[in-house]
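Asks:
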Amino acid sequence: MKKPNIVILGAGYGGMITATRLSKLLGHNEANITLVNKHDYHYQTTWLHEPAAGTLSPERTRMPIGSVLDLNKIKFVQDIVVEIKAADKKVVLEDGELEYDYLVVGLGSEAETFGVPGVHEYAFSKWTVNGAREVKEHIEYMFAKYNNTAEKKDELLTFVVAGAGFTGIEFIGELSDRVPELCEHYDIPREKVKLYVIEAAPTALPGFDPELVEYAMNLLESRGVEFKINCPIKEVTETGVSLANGDEIKAETVVWATGVRGSSIIEKSGFEAMRGRIKVEPDLRAPGYEDVFVIGDCALLINEEINRPYPPTAQIAMQMAEVCAHNIKALIKNDPLKTFKPDIKGTVASLGGKEAIGVVGTRKLFGSSANFMKKMIDNRYLFLLGGPGLVLKKGKSPF
1 MKKPNIVILG AGYGGMITAT RLSKLLGHNE ANITLVNKHD YHYQTTWLHE
51 PAAGTLSPER TRMPIGSVLD LNKIKFVQDI VVEIKAADKK VVLEDGELEY
101 DYLVVGLGSE AETFGVPGVH EYAFSKWTVN GAREVKEHIE YMFAKYNNTA
151 EKKDELLTFV VAGAGFTGIE FIGELSDRVP ELCEHYDIPR EKVKLYVIEA
201 APTALPGFDP ELVEYAMNLL ESRGVEFKIN CPIKEVTETG VSLANGDEIK
251 AETVVWATGV RGSSIIEKSG FEAMRGRIKV EPDLRAPGYE DVFVIGDCAL
301 LINEEINRPY PPTAQIAMQM AEVCAHNIKA LIKNDPLKTF KPDIKGTVAS
351 LGGKEAIGVV GTRKLFGSSA NFMKKMIDNR YLFLLGGPGL VLKKGKSPF
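At position 311 of the sequence shown (counting the first as 1) the number is 311 in full-length UniProt numbering, and the numbers step up by one without a gap.
1) I'd like the list of long-range same chain contacts for SER264, defined as Cβ closer than 7 Å, with 5 residues on each side in sequence excluded.
2) Please state the DSSP three-state secondary structure of ILE295.
3) With respect to the beta strand (DSSP E) encompassing LEU337, which residues constitute its N-terminal and C-terminal limits?
4) Report, in whole angstroms, the separation of the C-beta atoms of ILE332 and ALA31, which I expect to be a contact under 8 Å.
5) By how many angstroms is the C-alpha of TYR102 removed from the C-alpha of LEU175?
6) Hey, ALA325 and LEU35 are a contact pair by Cβ (cut 8 Å); roughly how many whole angstroms apart?
7) Taking the beta strand (DSSP E) that GLN44 falls in, what are its first and last residues?
8) Determine the DSSP secondary structure at ALA162, reduced to helix, strand or coil.
9) Starting from the Cα of VAL213, find the closest Cα among GLY10, ALA164, ALA132 and ARG308 and give me that residue.
10) Whose C-beta lies closer than 8 Å to the C-beta of ARG190 among residues of the same chain, with five residues either side of it excluded?
11) May I have the straight-line CA-CA distance separating ASN307 from GLU59, to the nearest angstrom?
12) According to DSSP, simplified to helix, strand and coil, what is PRO64?
13) Taking the beta carbon of TYR141 as the centre, do at least 16 other beta carbons fall within 10 Å, making it buried, or is it exposed?
14) In terms of alpha-carbon separation, which member of LEU25, ILE302 and LYS345 lies closest to ALA314?
15) For the beta strand (DSSP E) containing SER264, list its first residue and its last residue.
16) Among ASN371, LEU337, LYS153 and SER397, whose alpha-carbon lies nearest the alpha-carbon of VAL348?
17) State the DSSP-derived secondary structure class of THR167, mapped to helix, strand or coil.
18) Counting C-beta neighbours from all protein chains within 10 Å, is the total for ASN327 16 or more, i.e. buried, or is it exposed?
19) Would THR158 pass as a contact of GLU252 if the rule is Cβ separation under 8 Å?
20) What residues in its chain sit with their C-beta under 7 Å from that of ALA286, if we drop five residues either side in the sequence?
21) Who are the near neighbours of GLY358 in its chain, counting only those whose CB is closer than 8 Å to its CB and skipping five residues on each side?
22) Considering Cα atoms alone, identify which of ASP88, VAL255 and LEU390 is closest to ARG62.
23) Please report the straight-line C-alpha distance between GLU304 and GLU155, rounded to a whole angstrom.
24) Start and end of the alpha helix (DSSP H) containing ASN371?
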């Protein structure tokens with residue numbers, strides 16, 4: 001009997017957990033498991049705001065795939081996915097193609113521009129390890145350049161963050177915490193630095209508890225952050241941003257954090273999708289496909305209670321991965337499949353330094369207790385992925 005080929009696309013939170021679980025659930029003789037990723041490392045997307053602001057080394061966020069997965073049980077292919085040919089049960093890569101019996105699509109996300117012109121040309125929008133390195137280097141270069149220009153231009157020290165969702169707030173939290181140190185290092189008066197967060201929605205952190213949002217905004221404003229809420233960006237230009245109300249902010253640095261869409265490969269491959277996301281069946285399969293599972297940022301899942309999609313979080317991607325691995329094993333063994341139901345344990349946003357806000361169960365957390373919880377959540381993922389050894393190697397001290 002031919003061993004089924006299981007192909008997992010993407011080594012993000014979903015892909016990595018699916019791969020580790022399948023290698024434990026299925027014996028070596030029961031299936032061939034292949035993981036495809038463009039880099040030979042996995043990185044923690046939820047940590048990237050820190051290296052981008054320069055408060056954490058990028059190396060802390062990344063780990064070689066071979067150091068986490070057992071490559072005797074899982075074949076790793078470093079390549080770029082070009083297209084999925086579902087009718088032929090094939091994946092086209094830049095350097096070849098793979099045939100599958102079961103496919104797991106965990107290709108992650110891309111920046112959502114909402115049609116605003118100039119984002120890709122003039123803003124930093126890549127939330128990857130290399131993208132974070134680029135932002136950090138650029139910020140430090142702006143500070144270094146300021147005292148070396150004949151007429152000291154204010155826009156060199158004006159930093160605009162587009163989007164007051166999770167990523168935008170966590171990034172400005174880290175940056176605002178680091179600004180005093182940068183000012184001291186580069187001999188720049190603190191008042192020369194301007195920090196803006198611009199949000200089209202009527203509130204920062206949409207969907208978050210209003211009391212916690214107020215705490216976060218007050219804290220960030222005390223560090224010099226200026227919020228422009230209910231204020232869409234019309235265009236990103238070479239010299240800054242134009243706002244829908246006619247104002248313009250001149251800035252040499254625009255960081256785009258308005259949210260994400262799924263992978264463009266989804267649409268290119270002919271799946272029915274909304275913003276690069278497939279509305280998955282309750283067992284996480286793509287509608288009309290018995291053999292294609294979709295997890296993480298590429299999966300669209302509706303929260304029936306509020307009739308809105310669940311946010312694409314690492315927590316949900318990991319839970320999807322567990323169910324996805326179980327269901328692939330069930331298909332191979334002719335067992336019943338599980339239905340996926342998210343179990344949201346809590347949501348915590350860091351604000352830089354020892355500050356954070358969060359909701360865990362019904363409890364609201366502020367300040368250092370929320371910061372402690374954030375570190376514990378980060379470490380829990382490392383534990384699920386690679387056990388206590390990985391926590392010791394890559395984890396964060398909650399104290």
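Every residue, glycine too, gets a C-beta built ideally from N, C-alpha and C.
Keep in mind it's a predicted model, so treat the numbers as computed, not measured.
Replies: In this structure, then:
1) Result list for SER264: GLU110 and GLY276, in chain order.
2) In the displayed model, ILE295 falls within coil according to three-state DSSP, outside both helix and strand.
3) Careful: LEU337 lies outside any beta strand (DSSP E) and carries neither H nor E.
4) Right, their Cβ atoms sit about 6 Å apart.
5) Between LEU175 and TYR102, the C-alpha separation is close to 43 Å.
6) Incorrect: roughly 13 Å between the Cβ atoms, too far for contact.
7) Note, GLN44: premise wrong, no beta strand (DSSP E); not H, not E.
8) It is a strand residue.
9) With respect to the C-alpha of VAL213, the residue from GLY10, ALA164, ALA132 and ARG308 having the closest C-alpha is ALA164.
10) Taken in chain order, the residues that qualify are VAL179, PRO180, CYS183 and GLY224.
11) When rounded, the distance between both Cα atoms is 39 Å.
12) Looking at PRO64 - three-state DSSP - the assignment turns out to be strand.
13) Looking at its Cβ environment, which holds fewer than 16 other Cβ atoms inside 10 Å, TYR141 is exposed.
14) If we check each option's Cα against that of ALA314, LYS345 comes out closest.
15) For SER264, no beta strand (DSSP E) segment is defined; the enclosing uninterrupted segment is the alpha helix (DSSP H) at 264–268.
16) Residue ASN371 is the option with its Cα nearest to VAL348.
17) Look at THR167 here: in three-state DSSP terms it is helix.
18) Around the C-beta of ASN327, 16 or more other C-beta atoms lie within 10 Å, and the residue is accordingly described as buried.
19) Contact: yes.
20) Non-local C-beta neighbours of ALA286 in its own chain, meaning closer than 7 Å and more than five positions away in sequence, comprise PHE271, ILE278, VAL280, VAL292 and VAL294, ordered along the chain.
21) Correct list, in chain order: LEU212, GLY346, THR347, VAL348, ALA349, LYS364, LEU365, ALA370, MET373 and LYS374.
22) Closest option to ARG62, Cα to Cα, is LEU390.
23) For GLU304 and GLU155, the distance between alpha carbons rounds to 46 Å.
24) That run of the alpha helix (DSSP H) goes 367–394.
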